[in-house]
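FYI, our numbering numbers position 290 of the sequence shown as 278, with every residue one higher than the one before it.
Glycine included, each C-beta is placed from N, C-alpha and C at the ideal position.
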Amino acid sequence: MENDASIKISIVIPVKNGANTLPSCLKSIKLQSLYSQAEVIIIDSESVDNSIQVAEALIPEIRIISIKSSDFNHGLTRNLGVKHAKGEFVVMTVQDAWAADDQWLEKMVRHFEDTEVAGVCGQQIVPHHKDKNQHQWFRPVNPPGVRVVQYKNVKDFEMLSPEQKKKECSWDDVNAIYRKEVLLKIPFREIAFAEDALWAKEALEAGYKLVYDTAARVYHYHFQTPEYTYKRTLTQLYYYFKIFGWKRENTIKPTDYLKVVYRNFRYRMDLQWVRHNFQYLKAMNKAFMDFHRVLNQGELALDKFYFKTCQIPPQGIALKTKNQVLSEFKNVE
-11 MENDASIKIS IVIPVKNGAN TLPSCLKSIK LQSLYSQAEV IIIDSESVDN
39 SIQVAEALIP EIRIISIKSS DFNHGLTRNL GVKHAKGEFV VMTVQDAWAA
89 DDQWLEKMVR HFEDTEVAGV CGQQIVPHHK DKNQHQWFRP VNPPGVRVVQ
139 YKNVKDFEML SPEQKKKECS WDDVNAIYRK EVLLKIPFRE IAFAEDALWA
189 KEALEAGYKL VYDTAARVYH YHFQTPEYTY KRTLTQLYYY FKIFGWKREN
239 TIKPTDYLKV VYRNFRYRMD LQWVRHNFQY LKAMNKAFMD FHRVLNQGEL
289 ALDKFYFKTC QIPPQGIALK TKNQVLSEFK NVE
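This is how it looks when you write it as structure tokens:
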């Protein structure tokens, strides 16, 4: 990082007690081919570990913005980062993700040669570490390459099915870059989850072009307990229904359990992963079943059920009152 005039890319990272993971994240940024044109902005939510000291030791010129933990919001906190960004382009990532190679930024920035492009979204991959769920090593299954999405006529987007809309808006703030001037026109909403997918929807409705490039990769992984998996799945189902009207069908099949056993023996994985992935599938299946069972009782019943179940939400989702959760969806449709 050099003087302000040389800054082309601002990298915004929300942080909360990230001392253990920030080194991998920041070191991978420093290795980027475009690092000399970048700045790093951390928005710290009252970390009680030495996150700030770790960050400043690795990047002395890093910019630290401190907020109250109670003020954190996935949308508004990122907007704060945009406000302070000096670059023409703004990267959104997280404290426990790290670039897969030194061309990560370069692979995304190149797409902005097209002036209609508002943002570029890369891909998450799971590091091949034995302490990570080895059944997810080969996730995701997205085909490699570049996918460009644009709707010059907003009616064409509106005609899509809810599932198709969600597919076109499979945006991911773990690994995305934006044209700053577009973020200022279309900021993130005050929402506790899926601020990225909602932003993509509004950008497409405004006629902008979005690019998905699977070559721009970051490593990212969360160990998922059954409770976390259940609440995370339920949260995704709830918010994607609210934003897109998508009543996602249950994708868990009995054969999925057989595949776990098959993969475990084929790749000689530790037997602990069989039990772990059985619990993972069972938790996901319960979330799907509960979602559809309650939705059949009406949307109000779903709101009440979601608030009651996720009042203590999974990691990454801010605690909300019932009225705050429901108010997030005003004017979304």
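Report the three-state DSSP secondary structure of leucine 198 (helix, strand or coil).
strand
Could you give the distance in angstroms between the alpha-carbon of glutamine 285 and the alpha-carbon of glutamate 190?
30 Å
Would you tell me roughly how many angstroms separate the C-alpha atoms of arginine 236 and tyrosine 268, rounded to the nearest one?
18 Å
Tell me the DSSP secondary structure of arginine 167 in three-state form.
strand
When the Cα atoms are used, what is the spatial distance from aspartate 102 to lysine 270?
45 Å
Does the stretch 56 to 69 come within contact of the stretch -6 to 6, defined as at least 3 CB pairs closer than 8 Å?
yes
Going by alpha carbons, who is nearest to asparagine 71 out of Ile53, Gln91, Trp86?
According to the sequence provided, residue 71 is lysine. The question's asparagine does not apply to it. Closest option to lysine 71, Cα to Cα, is Ile53.
Cutoff 7 Å; reference valine 248; Cβ partners in own chain excluding five residues on either side
His123, Val262, Asn265, Phe266
Presumed contact (8 Å Cβ cut-off) between isoleucine 17 and alanine 87, rounded CB distance:
7 Å
Give me, in chain order, the residues of the same chain whose beta-carbon lies closer than 6 Å to that of aspartate 352; leave out the 5 immediate sequence neighbours on both sides.
In the structure as shown, the chain begins at -11 and stops at 321. Residue 352 is therefore absent and cannot be evaluated.
Cβ neighbour criterion (16 or more within 10 Å) applied to phenylalanine 211:
exposed
What is the residue span of the alpha helix (DSSP H) that isoleucine 40 lies within?
39 to 46
Simplified DSSP state of tyrosine 207, which is helix, strand or coil:
strand
Using 7 Å as the limit for Cβ to Cβ distance, is tyrosine 166 near chain D?
In the structure shown, chain D does not exist; there is a single protein chain.
Are leucine 108 and valine 199 touching if we call contact CB-CB under 7 Å?
It is valine, not leucine, that sits at residue 108 in the sequence shown. Against a cut-off of 7 Å, the Cβ pair of valine 199 and valine 108 comes out as a contact.
Can you tell me where the beta strand (DSSP E) holding proline 2 begins and where it ends?
-3 to 3
Could you tell me the alpha carbon to alpha carbon distance between arginine 281 and phenylalanine 229, rounded to whole angstroms?
14 Å
CB contact flag (methionine 226, alanine 275, <7 Å):
One detail in the question is off: residue 226 reads as tyrosine in this sequence, not methionine. The answer is no: Cβ separation not under 7 Å.
How would you call alanine 182, buried or exposed, if buried means at least 16 neighbouring beta carbons within 10 angstroms?
buried
Does DSSP put histidine 123 in a helix, a strand or coil?
Confidence at histidine 123 is low in this model, with a pLDDT of 49, below 50, so the placement of that residue should be treated as unreliable; the coordinate-derived value is given next. Looking at histidine 123 - three-state DSSP - the assignment turns out to be helix.
According to DSSP, is cysteine 13 helix, strand or coil?
helix
Bridge-paired residues (DSSP) for aspartate 32:
Val3, Ser54
In whole angstroms, give me the CA-to-CA distance for phenylalanine 279 and proline 242.
19 Å
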